[in-house]
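The structure appears below as structure tokens.
Protein chains: 2
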Amino acid sequence: MNSIETKFAKLATDNAPGQEARQGMGAVDALLRGDSIPGTPVDFSHGDVDAFLPTPGAFEEFSAGVERGGRQAYTEYRGSPEIRDMLADRLARFTGAPVSGRDGLIITPGTQGALFLALAATVSAGDKVAIVQPDYFANRKLVQFFDGEVVPVRLDYLGTHGAAGLDLDALHDAFKAGARVFVFSNPNNPAGVVYSRQEIGTVAELAGRFGATVIVDQLYSRLLYDGRDYTHLRASAIDPENVVTIMGPSKTESLSGYRLGVAFGSPRVIDRMEKLQAIVSLRAPGYSQAVLNTWFAEPASWMDERIALHRAIRDDLLSKLSAVEGLQARRPEAGSYLFPKLPALDVSTQEFVRILRQQAAVTVTPGSEFGPHSLESVRLNFSQDHKAAVHAIERIVELIGRYQK
Amino acid sequence: MNSIETKFAKLATDNAPGQEARQGMGAVDALLRGDSIPGTPVDFSHGDVDAFLPTPGAFEEFSAGVERGGRQAYTEYRGSPEIRDMLADRLARFTGAPVSGRDGLIITPGTQGALFLALAATVSAGDKVAIVQPDYFANRKLVQFFDGEVVPVRLDYLGTHGAAGLDLDALHDAFKAGARVFVFSNPNNPAGVVYSRQEIGTVAELAGRFGATVIVDQLYSRLLYDGRDYTHLRASAIDPENVVTIMGPSKTESLSGYRLGVAFGSPRVIDRMEKLQAIVSLRAPGYSQAVLNTWFAEPASWMDERIALHRAIRDDLLSKLSAVEGLQARRPEAGSYLFPKLPALDVSTQEFVRILRQQAAVTVTPGSEFGPHSLESVRLNFSQDHKAAVHAIERIVELIGRYQK
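Read top to bottom, the protein sequences are chains E and H. The end of the first sequence is residue 405 by UniProt numbering, with every number in the run present. The end of the second sequence is residue 405 by UniProt numbering, with every number in the run present.
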């Protein structure tokens, strides 16, 4: 294969969440044991925005944006200045450190758009980039796409309590080996763990010492359970020029259909991101930008209820999973992902994922998407209809039993 | 400057359409002659969607998409399969060659998104890419961003009649020199000229002979004046694997605020584009995709009227410009751009563009954005309120007079 073919082969999306429709069933027919188990199909590869509806008022804000016409359709590439100023205030309050609406914030097509632009703005061919394992699969793919070199840093989320479990020595080694960019999600996707104040403090200290840029994806930082303490990297002892924070309303707020995200922090990086956005997609959808008026302005009771409902689903699913001998799972402290490590099976995880679809009408994402140390895990986004999710996990438990070694 | 700084410096957007708000006035104060001329501000850098409203029914289709909920919000990365199949039929009819909704079409965030992905999918570091001068400014910037090498091909739009004026010998030379990708807009942006059947035939023949991929941006191919004949490259004698066609409803249909585009053709290239879209923006905005139901399904009278209204503006503006001694302009055969070459002035074109904003409240895009041979030209998108556009062009004519050598 020539170089561009190799490059795109590494971007394989066959097992990516939501792409299962393009995947054949493969040769799992010969492996099947017993009959299918009936039940409402559940797609744990992403949240169900029919179960958890978009923020109240979101559609009305969109409509008002359409009414405003041209000035809402054609904004600066980095987004409407009024909306940027409004967000800068709210995000400064949320994160505990100042945000410049004029120079330090860009509105992007989804959080994915922000992540792409942030890495494009900081990673050149041959650059070493520290990447957590496991972490969101796009982090690694983006580094590979820009011909960077992934320097892995382990997250021992299963063996740690009171912290996420980042191997801080390995992170230090990555910087010593030349990494000048570190990208990670906090809360961690897929493990749902939150980095401790001490872990974040060390990240800030190392970034300062090595002059590194840290890109932190805080997509799930509003959905915290049980009063979990959350430390914003940008509010820690870090040079504001060394950090870019990424957030968006696609998950907790169920606004994914509007494709909105933001990146804020280092004006130097944000400026590059805008230059690139001009040739990638011009801007986040103009009318959609108006929907951000609802963000961080939701009724408090609405957000509290949303968190309580997710916690209840989390606990019910974990209680079912805890009955499986040999299965390991850490209780997520934030977000809506479960990432259980399955017990030893007679089939591979990839095969089991296909079997789950075929025999149980349940879609989960294989752990291989998130790194090489989680091949026996699967990720479930539990932002689903509560009852359907519980029944689906019962089917998973039954099938684990059938295929267990 | 290190390499990534150089790279982003080349992406400068200060003079890009719509970015004028971020630009200071510079030092034109000292150059000003006479008073400002009052009048309604007109921004010719893009079309005015308040003057030419979005397609009837567009907002209603969006609303219906929101109503459909999750399955509209979360589509495959390449877009909803039902909408792709529907578009494949309509685009096959429009272009005169088959389109596969399953494997040969991707929905993107705007036509810009399609262009970015198509070039990313075909251009690696060091690759030579044939680029027309003048042509849409992002073509060149994208090649530079992917570390490709621009091989320029002149378009003598001012000196040609009955064809666009492409230097076919230069294109042949570009392929002989190793270019394996050719990207161009037809109708040409900024010159508004349409490639002749013979020009397109030669492009197809050369692509076949050299095994090159041709990316053709047909954004304005529905807005043709005076019964102008239009040849779709993909329906010419070209291997379907060698061509990707890009279109979208942002211009003629005024749907830019929804951020929609499509690329269709080579399944090999489309497949790569989807893999990349997965890490760039995931998908075109889910609810917006539903708006494509209106595309190529507009009332015929609505489209006829839209074309007639644009033609009338074109003719009025050209008639005013024709009074300026030394100004050269070719009458556009399609689209909504005028690209006059100004007579010799005592100030640079960049300065004159700023003077126009300051003294006449008129925004135009300097020709330097489109290539090195059009430094004395400016581009005007005349999809504007008719009366305001005519008055604005009168102010431009008056100011040309003031600053003419």
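Every residue, glycine too, gets a C-beta built ideally from N, C-alpha and C. All values reported here derive from a predicted model rather than from experimental measurement.
In the DSSP output, what is E:Thr13 paired with across the bridge? According to DSSP, E:Thr13 bridges with nothing at all.
* Asked: Comparing the C-beta of H:Pro285 with each C-beta of chain E, is any distance below 8 Å?
  -> Yes, H:Pro285 counts as interfacial toward chain E.
Exercise for review: Classify E:Ile131 as helix, strand or coil using the three-state DSSP reduction.
Suggested key: In the three-state scheme derived from DSSP, where H, G and I count as helix and E and B as strand, E:Ile131 is classed as strand.
### Task
Closer than 7 Å by C-beta to H:Ala323: which residues in its own chain qualify, once you throw out the five before and the five after it? Chain order, please.
The residues are Val397.
Where H:Thr55 meets chain E, residues with beta-carbon distance less than 8 Å: When 8 Å is used as the limit between beta carbons, H:Thr55 is near no residue of chain E, the shortest such separation being about 12 Å.
TODO: Decide if H:Asp43 is buried, meaning its Cβ has at least 16 other Cβ atoms within 10 Å, or exposed.
DONE: So H:Asp43 ends up on the buried side.
Notebook entry, point to check: Within 10 angstroms of its Cβ, does E:Gln277 collect 16 or more other Cβ (buried), or is it exposed?
Noted result: E:Gln277 sits buried, since 16 or more C-beta atoms from the chains shown fall within 10 Å of its C-beta.
Next item on the list: Could you name the residues that DSSP lists as bridge partners for E:Ser319?
Entry: Beta-bridge pairing links E:Ser319 to no other residue.
At which residue ranges does the region 149 to 181 of chain E contain complete alpha helix (DSSP H) runs of 4 or more residues, listed in the order of the chain? If only complete runs of 4 or more residues are kept, the region 149 to 181 of chain E shows the alpha helix (DSSP H) at 168 to 176, in order along the chain.
At the level of alpha carbons, what is the spacing between E:Met1 and E:Phe8? Confidence in E:Met1 is poor, its pLDDT being 49 and thus under 50, which makes the residue's placement unreliable; the coordinate value appears in the next sentence. E:Met1 and E:Phe8 have their alpha carbons spaced roughly 11 Å apart.
key: Secondary structure of E:Phe145, DSSP reduced to three states   = Assigned with DSSP and collapsed to three states, E:Phe145 falls in helix.
Checking 8 Å against the spacing of the C-beta atoms, do E:Gln144 and E:Val151 come in under that value? No, Cβ-Cβ distance for E:Gln144 and E:Val151 is not below 8 Å.
Check your understanding: Looking only at C-alpha atoms, which of E:Pro340, E:Val364, E:Gln358 sits nearest to E:Gly34?
Key -> It is E:Gln358.
Identify the contact partners of residue 416 of chain E in chain H, using a Cβ-Cβ distance below 8 Å as the criterion.
-> Residue 416 of chain E falls outside the range modelled here, since chain E spans only 1 to 405, and no answer is possible.
*Closest Cβ-Cβ distance between H:Phe8 and chain E: below 8 Å?*
With 8 Å as the cut-off, H:Phe8 counts as an interface residue toward chain E.
From the DSSP output, read off the bridge partner residues of H:Lys387. None, per the DSSP bridge assignment.
Quick one: residues in its chain with C-beta nearer than 7 Å to the C-beta of H:Ala170, no 5 flanking neighbours on either side, listed in chain order? Once the five neighbours on either side are set aside, the close Cβ partners of H:Ala170 are Val153, Arg154.
Closer than 7 Å, Cβ to Cβ, to anything on chain H: give me those residues from the region 235 to 260 of chain E, in chain order.
-> Of all residues in the region 235 to 260 of chain E, Ser256, Gly257, Tyr258, Arg259 have a Cβ within less than 7 Å of some Cβ in chain H.
In or out: H:Pro56 buried (at least 16 other Cβ within 10 Å) or exposed?
H:Pro56 is exposed by the Cβ-count criterion.
Query raised in the report: Can a CB atom of chain E be found closer than 8 Å to the CB of H:Phe59?
Result: Taking CB atoms only, H:Phe59 has a neighbour in chain E less than 8 Å away.
If I measure Cβ to Cβ from E:Ile400 and keep anything under 6 Å in the same chain, skipping five residues before and after, which residues do I get?
If the five residues before and after E:Ile400 are omitted, its C-beta is found closer than 6 Å to the C-beta atoms of Val324, all from its own chain and listed in chain order.
DSSP three-state label for H:Arg71, please. Reduced to three states, the DSSP call for H:Arg71 is helix.
Test item: CB-CB of H:Ile270 and H:Ile131 under 8 Å = No; because the gap between Cβ atoms is not below 8 Å, this pair is not in contact.
Inset, instruction - Determine the direct distance from the alpha carbon of H:Asn188 to that of H:Gln112, and round the result to whole angstroms. - result: C-alpha separation (whole angstroms): 15 Å.
Handout entry: For H:Phe264, three-class secondary structure by DSSP
Key = It is a strand residue.
**Prompt:** What are the boundary residues of the beta strand (DSSP E) that includes E:Asp217?
**Reply:** Where E:Asp217 is concerned, the enclosing beta strand (DSSP E) starts and stops at 213 to 217.
- Query: First and last residue of the beta strand (DSSP E) that includes H:Ile246?
  - Reply: For H:Ile246, the enclosing beta strand (DSSP E) has its first and last residue at 243 to 247.
Q. Can you name the start and end residues of the beta strand (DSSP E) that H:Thr108 belongs to?
A. That run of the beta strand (DSSP E) goes 105 to 108.
Short CB-CB distance (under 8 Å) between E:Lys141 and chain H
By the rule that beta-carbons nearer than 8 Å mark a contact, E:Lys141 touches chain H.
Worksheet item: From E:Val291 to E:Gly104, what does the alpha carbon distance come to, in whole angstroms?
Response: Answer to the nearest angstrom: the Cα atoms are 20 Å apart.
Which residue or residues does DSSP assign as beta-bridge partners of H:Tyr337? Under DSSP, H:Tyr337 forms a beta bridge with H:Asn381.
* **Whether H:Asn242 touches H:Ala284 by CB criterion (8 Å)** => Contact flag unset, no.
Among all the DSSP beta bridges, which residues are the ones paired with H:Asp43? DSSP lists H:Thr363 as partners of H:Asp43.
Inspect the CB distances between the region 250 to 266 of chain H and the region 286 to 306 of chain E and report whether three or more fall short of 8 Å. In this structure the region 250 to 266 of chain H lies against the region 286 to 306 of chain E, because at least three pairs of beta carbons, one per stretch, are closer than 8 Å.
(Q) Which same chain residues end up closer than 6 Å to E:Arg84 when comparing Cβ atoms and leaving out the 5 residues on each side of it in sequence? (A) The residues are Gly101, Leu105.
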